[in-house]
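Numbering (our numbering), first residue to last: 11 to 74. Report on one structure; see the data block that follows.
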């Protein structure tokens, strides 16, 4: 049972990270910022995704 729950959680995280990559690449940010965001999400999948979700280009757009 634990393996099934972990597998579902991993799949959900994979889908969310793919969504983050697509959003990062299609954003209007500079190439350097896109590379940094992609590396952050790639190296730290869960933490990087959460940081991107709250502080990414969309979050910066609302404060500016």
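Here a beta-carbon is modelled for each residue, glycine too, at the ideal position from N, C-alpha and C. In this text the structure is predicted, and so the values were computed from the model without any measurement.
Looking at C-alpha atoms only, which residue of 38, 34 and 40 is the closest neighbour of residue 52? As a position in the chain shown, residue 52 is number 42, starting the count at 1. Comparing Cα-Cα distances from residue 52 to each of 38, 34 and 40, the minimum goes to 34.
Which residues bound the alpha helix (DSSP H) around residue 60? Here residue 60 refers to the residue found at position 50 when the chain shown is read from its first residue. Taken as a continuous stretch (DSSP letters only), the alpha helix (DSSP H) holding residue 60 covers 55-65.
Does DSSP classify residue 30 as helix, strand or coil? Start at 1 with the first residue of the chain shown, and residue 30 comes out as number 20. Collapsing the DSSP output to three states places residue 30 in a helix.
Take the Cβ of residue 30 as the centre, count every other Cβ of all protein chains shown within 10 Å, and call the residue buried at 16 or more, exposed below. Position 20 of the chain shown, counted from the first residue, corresponds to residue 30. Label assigned to residue 30: buried.
Is it the case that the Cβ atoms of residue 49 and residue 61 are separated by a distance below 8 Å? Looking up residue 49 in the chain shown gives position 39. Looking up residue 61 in the chain shown gives position 51. No.
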